[in-house]
Amino acid sequence: CGVFGIYKHPESAAHTVLGLHALQHRGQEAAGIVTFDKNQFHSHKSQGHVADNFNSQPIIESLPGDSAIGHVRYSTAGGGGMRNIQPLFADLASGGFAVAHNGNLTNAVTLRQLLVSKGSIFQSTSDSEVLIHLVATSTYQALQDRFIDALRRIEGAFAIVALSKKRLIGARDPLGVRPLVLGKLSDSSYIFASETCALDIIGAEYIRDVEPGEVITIDENGLHSLKPFPVQKPRPCIFEHVYFSRPDSLTDGTSVYKVRKHIGRELAKESKVKADLVVPVPDSGTPAAIGYAQEAGIPFELGIIRNHYVGRTFIEPSDQIRHLGVKLKHNANRGEIEGKIVVLVDDSIVRGTTSIKIVDMVRQAGAKEVHLRIASPPTTDPCYYGVDTPEKDKLLASRMSIEEMTKYIGADSLDFISIDGLYRAVCDADRNPDEPQYCDACFTGEYPTHLTDKNQHDAPE
Ligand code: 5GP
Ligand code: SF4
Ligand code: MG
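No gaps in the numbering here: position 335 of the sequence shown is 366 in full-length UniProt numbering, and each next residue is one more.
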């Protein structure tokens, strides 16, 4: 998902619409905005894309006020449906409180059972709703303390923006698994966003990343930084660099695009092929393919053309749509491919649906050989932190060896970047096996937090 928040700007709703539009790649199922006009909260939520649903003057005018938060949703927990669209909103004793959450909580089911047994009535099936109930039932007085009390009880991954009558809050989980950045527009207006591309679109200045474990509150007196959690070594999501973030965003001040090209270069060093052409699987494989081609000294061509009127195939939840999506999305550029030995570069293999179709398509277009190179290690384990990978048994790399995958996909050869190669591209160092610098659980099975819900579920009766 993507989150956005803006404090003290006369056009807070319009800016939030633009910010969410820039974050659309992080979630395409639904979008929502909540504003506060010093008197009242206002909200508009809708299924579908931001540009299709927040595009009229009457909608913007129905969202008055100088502070706002917004959310684009991609459901990883709790499913779709109107009642799960964020920001979630509650009328607490202290006044209204709106919350937008990116990430996934790994003890939400457990907390929910506890809260329900004590009388909480849940409105949605979203894991994020436990936050609202934890705030509502906290024994602290001030809203800010209640919120921090709630944050201390959740586990997993979260980048949260919240809006109360008095303040805008941005919070990042102690490991910093999901990203959140701070920006500024004019003298007085602060912004939180999942990625810097949402700052660029409104002409805001990137100040810095919200730090792992940091809670920043913004009110009449300016900005206040709190560190309410025990300090841990950060473990940001390494897959943001590979796939999830937009290439024009910066993480910790570093260009995602440059890192992706670097991944491609490392991949070429590790896994060379004698070939005529390097062809990206667009768009997600493109920067890595450029890096691969530069390092290997092989010409780069757009041998596959992407239809831009289809969203990310993976993101729609049903298998049927996902299936259809791949065919709708790519077409081979025959003139470039025919008779050539082609290195295809993609960012990842999840179920293998994309790779099978693309390799077949490139062969049909007359390629002599097709060698597939993947800019991440084999995805062997599900993500419990807000990226929608399926259960382990649906992950191709958890069921098959590389040799079996090569046959299944129908490529002449298949190879993945090593985990150390990926680390070198992202942070210029090998993975530290004792204290990994990133979350890489979907590639290693080493989860950096407790998985309370999963362990309860898996426990013998
Ligand atoms: P597959 O077809 O193997 O199931 O998925 C791989 C393709 O989906 C890759 O081209 C990659 O760009 C994209 N992809 C990989 N991981 C994710 C994800 O977590 N979410 C979305 N939306 N797409 C993904
Ligand atoms: Fe990112 Fe993978 Fe960790 Fe999920 S499991 S947070 S996708 S690195
Ligand atoms: Mg892709």
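Backbone N, C-alpha and C define an ideal beta-carbon position, used for all residues, glycine too.
Note that the coordinates shown come from a computational prediction; the quantities given were computed from them, not determined experimentally.
Residues near residue i by beta carbon distance below 8 angstroms, same chain, minus five either side
{"i": "Ile433", "result": "Pro409, Leu445, Asp446, Phe447"}
{"i": "Val81", "result": "Val48, Leu51, His52, Gln55, Ala62, Val103"}
{"i": "His481", "result": "Thr137, Asn138, Glu186"}
{"i": "Asp391", "result": "Gly441"}
{"i": "Glu492", "result": "Low local confidence applies: a pLDDT of 44 at Glu492 is under 50, so the model's placement there is unreliable, with the coordinate-based value given in what follows. Hits under 8 angstroms: none found."}
{"i": "Tyr274", "result": "Ser315, Asp378, Ser379, Ser407"}
{"i": "Pro95", "result": "Ala44, Thr66, Asp68, His73"}
{"i": "Ser148", "result": "none"}
{"i": "Thr170", "result": "Asp180"}
Residue i beta carbon near the ligand 5GP (any heavy atom closer than 7 angstroms)
{"i": "Tyr274", "result": "yes"}
{"i": "Asp377", "result": "yes"}
{"i": "Asp240", "result": "no"}
{"i": "Thr420", "result": "yes"}
{"i": "Ile380", "result": "yes"}
Proximity winner among the options, relative to residue i (alpha-carbon distances)
{"i": "Lys388", "options": "Ser379, Asn362, Ser106, Lys371", "result": "Asn362"}
{"i": "Val246", "options": "Ile200, Asp231, Asp279, Asp218", "result": "Ile200"}
{"i": "Asp180", "options": "Gly214, Leu254, Lys258", "result": "Lys258"}
{"i": "Asp158", "options": "Ile64, Leu119, Asp68, Gln172", "result": "Leu119"}
{"i": "Ser125", "options": "Val147, Leu174, Pro95", "result": "Leu174"}
{"i": "Lys197", "options": "Thr248, Ala456, Ile185", "result": "Thr248"}
{"i": "Ile372", "options": "Arg382, Pro318, Lys303, Pro421", "result": "Lys303"}
{"i": "Leu333", "options": "Asp307, Lys69, Val341, Glu435", "result": "Asp307"}
{"i": "Lys305", "options": "Asn84, Cys473, Asn486, Val401", "result": "Val401"}
{"i": "Pro313", "options": "Leu375, Val418, Ser256, Gln263", "result": "Leu375"}
{"i": "residue 27", "options": "Lys149, Ala193, Gly134, Asn135", "result": "Absent from the structure is residue 27, since the part of the chain shown begins at 32 and ends at 492."}
{"i": "Cys228", "options": "Gly96, Asp419, Gln263, Pro210", "result": "Pro210"}
{"i": "Thr411", "options": "Glu422, Tyr454, Leu146", "result": "Glu422"}
{"i": "Glu297", "options": "Glu326, Arg239, Lys69", "result": "Glu326"}
{"i": "Asn364", "options": "Gly383, Arg394, Arg382, Val381", "result": "Arg394"}
{"i": "Gly79", "options": "Glu42, Gln88, Gly36, Gln59", "result": "Gln59"}
{"i": "Lys485", "options": "Pro413, Ile450, Gly101, Asn86", "result": "Pro413"}
{"i": "Ile368", "options": "Gly383, Val381, Ala398", "result": "Ala398"}
{"i": "His293", "options": "Lys76, Ser169, Gly322, Asn84", "result": "Gly322"}
{"i": "Val130", "options": "Ile191, Gly112, Ser93", "result": "Ile191"}
{"i": "Arg57", "options": "Arg114, Ala224, Phe178", "result": "Ala224"}
{"i": "Gln172", "options": "Leu206, Ala319, Gly295, Leu123", "result": "Leu123"}
{"i": "Glu466", "options": "Thr282, Thr285, Phe331, Gln263", "result": "Gln263"}
{"i": "Leu146", "options": "Gly127, Phe128, Val166, His132", "result": "Val166"}
{"i": "Val309", "options": "Arg404, Ile37, Phe128", "result": "Arg404"}
{"i": "Asp459", "options": "Thr285, Glu251, Glu435, Ala121", "result": "Thr285"}
The ligand SF4 heavy atom lying under 7 angstroms from the CB of residue i
{"i": "Ile269", "result": "yes"}
{"i": "Cys414", "result": "yes"}
{"i": "Asp314", "result": "no"}
{"i": "Ala193", "result": "no"}
{"i": "Cys458", "result": "no"}
{"i": "Cys470", "result": "yes"}
{"i": "Ala327", "result": "no"}
{"i": "Val208", "result": "yes"}
{"i": "Cys473", "result": "yes"}
{"i": "Ala188", "result": "yes"}
Residue i beta carbon near the ligand MG (any heavy atom closer than 7 angstroms)
{"i": "Thr385", "result": "yes"}
Cβ shell of residue i (< 7 angstroms), same chain only, five flanking positions each side left out
{"i": "Leu359", "result": "Asn338, Val341"}
{"i": "Leu254", "result": "Tyr221, Ile247"}
{"i": "Val208", "result": "Gly134, Ala188, Arg266, Pro267, Cys268, Tyr416, Cys470"}
{"i": "Arg143", "result": "Phe153, Val161"}
{"i": "Asp97", "result": "Lys39, His40, Pro41, Ser43"}
{"i": "Val290", "result": "His272, Ala456, Val457"}
Same chain only: Cβ atoms within 6 angstroms of residue i, ignoring 5 sequence neighbours per side
{"i": "Ile336", "result": "Asn362, Asn364"}
{"i": "Thr437", "result": "Leu445"}
Can you list, in chain order, the stretches of the alpha helix (DSSP H) that have 4 or more residues and sit fully within the segment 279-366?
287-301, 317-327, 350-360, all fully within the segment 279-366.
List in chain order: all unbroken beta strand (DSSP E) runs of 3+ residues lying wholly within the segment 359-411.
361-363, 372-377, 400-405
At 3 residues or longer, and completely inside the segment 215-272: list those beta strand (DSSP E) runs for me, N to C.
220-224, 236-240, 246-250, 253-257
Identify every run of the beta strand (DSSP E) within the segment 129-205, keeping only runs that are complete inside it and at least 3 residues long; order them along the chain.
190-195, 199-203
Alpha helix (DSSP H) segments (min. 4 residues) lying fully within the segment 33-100
43-53, 81-84, 88-92
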